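Top to bottom, those sequences are chains A and B. For the first sequence, position 204 matches number 278 in my numbering, and the numbering has no gaps at all. For the second sequence, position 112 matches number 169 in my numbering, and the numbering has no gaps at all. For glycine and all other residues, C-beta sits at the position ideal for the given N, C-alpha and C. Values in this document were obtained by computation on a predicted structure and should not be read as measured data. Working notes, beginning with the structure itself.
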Amino acid sequence: MNGSNYSSIISNGFWTNNPGLVQLLGLCPLLAVSGTLVNGLGLGLATTFVVLFSNLAVSAMRKFVPAEIRIPVFVLIIASLVTTVELVMNAYFHELYRVLGIFIPLIVTNCMIIGRAEAFASKQSLPRAAADGLAMGLGFTAVLIVLGGLREIIGRGTLLDGAQMMFGPEAASWRIELLGADYPGFLLAVLPPGAFFGLGLLIALKNDIDRRFAARVAVAVATKQVPAA
Amino acid sequence: MTAIRNALLGGALLATFAIAGVAMVAFTWKNTAPQITENQRHVLTSRLHEIIPPEAHDNDLLDDAITVQDSERLDTTAPVTVYRAYKNGAPVAALFTSVAPDGYSGPIYLLVGIHADGRIAGVRVLSHKETPGLGDPIEIERSDWITGFDGKALGKPALEQWDVKRYGGVFDQFTGATITPRAVVRAVKNTLIYFEQHRDEIFARQ
Chain A
75 MNGSNYSSII SNGFWTNNPG LVQLLGLCPL LAVSGTLVNG LGLGLATTFV VLFSNLAVSA
135 MRKFVPAEIR IPVFVLIIAS LVTTVELVMN AYFHELYRVL GIFIPLIVTN CMIIGRAEAF
195 ASKQSLPRAA ADGLAMGLGF TAVLIVLGGL REIIGRGTLL DGAQMMFGPE AASWRIELLG
255 ADYPGFLLAV LPPGAFFGLG LLIALKNDID RRFAARVAVA VATKQVPAA
Chain B
58 MTAIRNALLG GALLATFAIA GVAMVAFTWK NTAPQITENQ RHVLTSRLHE IIPPEAHDND
118 LLDDAITVQD SERLDTTAPV TVYRAYKNGA PVAALFTSVA PDGYSGPIYL LVGIHADGRI
178 AGVRVLSHKE TPGLGDPIEI ERSDWITGFD GKALGKPALE QWDVKRYGGV FDQFTGATIT
238 PRAVVRAVKN TLIYFEQHRD EIFARQ
């Protein structure tokens, strides 16, 4: 997927080759922490940070790292970045750190990150690698946010619960009771199976949109070929 | 010859990356460690105050702590910290950082608060690695299961009823997770027994 320009790098990350909906990489954290919107956003941004800087580092050293040792070098870079992110989150977003728990160190196992290092950053210039890291990371974050929001609304009837963990104490009031305070909750959406259902629906929705779009383009092309019918 | 040279170069390069990675982590650690300690202290204080409200005692809980050790009753060879609450010099409660060693995915770290008369003031989970969605209702943020311990004591319920319902006890298990709540119940029971046997030593101030 060597897109020829930046707009294709960005549309690759967010839509055409989205890590969550098309490549299906990083499913473990995607499914596990998308219980609420804020959790999804937190892990998504942490992952974006890691993939951006790992892409930058990998791209910067692509000329002088021999192919034989590139994988251990990628692993070293990613592991160091993830540990750094973990320490920083522990220090400055302590509550969120406690909620996301094991899934912060597990960013290291997110195949999307080493996948982008190997498939893209190791062959591309610095700015293009940075754009790709940012687009892939934010595309992943977007899926986490949508899936998290969906599961939070259906499962708990709220939105933005726990926003104070990321945005400070005043954000506690951002919490919205969408379905009323006496909404009983829907456990299935909160539990891991709900994440699978949700992700499946999102993938189906994306494919449907793609199909309709393709059909419309085909119709447009067809009508152009038969002028003034 | 070139093969050896390449291998050496590759090794040197890998070592350079390892050193750079370690340096970055060490630098971050050095700069975040005080903040992390402060956060943990803050979390611990607010957790202690959930069990023993600030107005119920007049000493500094974090400073008025002792460590005890009992590998049988306290289920760990590591020392267990006991925070002691006093009001006007009289003992109010003791808060144990107990460990449930037999959680589903490793030890569950608990805070067990016991009133001076032996009733449980409250229990909280400090940290755990139980399965998300199955074992984590032990957290107060996720369910009020853990408040089921409030007011319980040794003999209330009887010792053999300190278990989850499936095994004839009085405490609820979770759907799909029995090991986790069972480990917590057992750790709380053992802490109570230890407290019963060592009450005077625990509250004796040096």
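Boundaries (first-last residue) of the beta strand (DSSP E) holding I171/B
Per DSSP, I171/B belongs to the beta strand (DSSP E) from I165 to H172.
_DSSP beta-bridge partners of T232/A_ = T232/A pairs with E251/A.
- Task: Anything in chain B within Cβ reach of A226/A, meaning under 9 Å, just list it in chain order.
- Result: Residue identity differs from the one stated: residue 226/A is Glu in this sequence, not Ala. Residues of chain B passing the Cβ test: none, with the nearest at roughly 14 Å.
Closest residue to H106/B among A83/B, V156/B, Y140/B and S200/B (Cα-Cα distance)
Of the candidates A83/B, V156/B, Y140/B and S200/B, Y140/B places its Cα closest to the Cα of H106/B.
Original post:
To the nearest angstrom, how far is it from the Cα of S184/B to the Cα of V242/B?
Top reply: Distance between the alpha carbons of S184/B and V242/B: 16 Å.
Tell me, please, whether the CB atom of G67/B is closer than 9 Å to any CB atom in chain A?
Chain A contact via Cβ: present.
Practice item. Measure the CB-CB distance between G231/A and S108/A and report whether it falls below 9 Å. Key: No.
Is A78/B close to chain A, meaning its C-beta is less than 9 Å from at least one C-beta of that chain? Contrary to the premise, residue 78/B reads as Gly rather than Ala in this sequence. At least one chain A Cβ lies under 9 Å of G78/B.
I'd like to know if I93/B contacts chain A, where contact means its C-beta is closer than 9 Å to some C-beta of that chain. So yes, I93/B belongs to the interface.
- Message: Could you tell me the alpha carbon to alpha carbon distance between V149/A and I188/A, rounded to whole angstroms?
- Response: Answer to the nearest angstrom: the Cα atoms are 8 Å apart.
**Message:** Please report the distance separating the alpha-carbon of T158/A from that of M81/B.
**Reply:** In a straight line, the C-alpha of T158/A is about 7 Å away from that of M81/B.
*asked:* Among T124/B, S162/B and G146/B, whose alpha-carbon lies nearest the alpha-carbon of L152/B?
replied: With distances taken between Cα atoms, L152/B lies closest to T124/B.
| field | Where the alpha helix (DSSP H) containing A75/B begins and where it ends | value | Here the alpha helix (DSSP H) through A75/B covers T59 to I108.
Any chain A beta carbon closer than 9 Å to W202/B:
Chain A, which has no Cβ nearer than 9 Å to the Cβ of W202/B, makes this no.
query = Looking at C-alpha atoms only, which residue of N88/B, L167/B and A157/B is the closest neighbour of E160/A?
reply = With distances taken between CA atoms, E160/A lies nearest to N88/B out of N88/B, L167/B and A157/B.
| said: Three Cβ pairs or more, each shorter than 8 Å: is that satisfied between the region 190 to 204 of chain A and the region 121 to 133 of chain A? | reply: Because the criterion of three Cβ pairs below 8 Å is met, the region 190 to 204 of chain A and the region 121 to 133 of chain A touch.
### Task
Could you work out which residues of chain B lie near P146/A, taking near to mean beta carbons separated by less than 7 Å?
Residues of chain B passing the Cβ test: L71.
Return the CA-CA distance between G207/A and G163/B, expressed in angstroms with no decimal places. Looking at the two C-alpha atoms, the distance is approximately 35 Å.
Q) Does any C-beta atom of chain A lie closer than 9 Å to the C-beta of N63/B? A) The Cβ of N63/B sits closer than 9 Å to at least one Cβ of chain A.
Original post:
Of all the CB atoms in chain B, is at least one closer than 9 Å to the CB of E142/A?
Top reply: Chain B, which has a Cβ nearer than 9 Å to the Cβ of E142/A, makes this yes.
Tell me whether Y166/A is buried or exposed, calling it buried when 16 or more other Cβ atoms sit within 10 Å of its Cβ.
Y166/A comes out exposed.
- Query: Should the region 198 to 211 of chain B be regarded as contacting the region 169 to 182 of chain B, the criterion being three or more beta carbon pairs within less than 8 Å?
  - Reply: The answer is yes - the region 169 to 182 of chain B touches the region 198 to 211 of chain B, with three or more Cβ pairs under 8 Å.
The region 154 to 165 of chain B: positions lying closer than 7 Å to chain A by Cβ: Per Cβ criterion, the list is empty.
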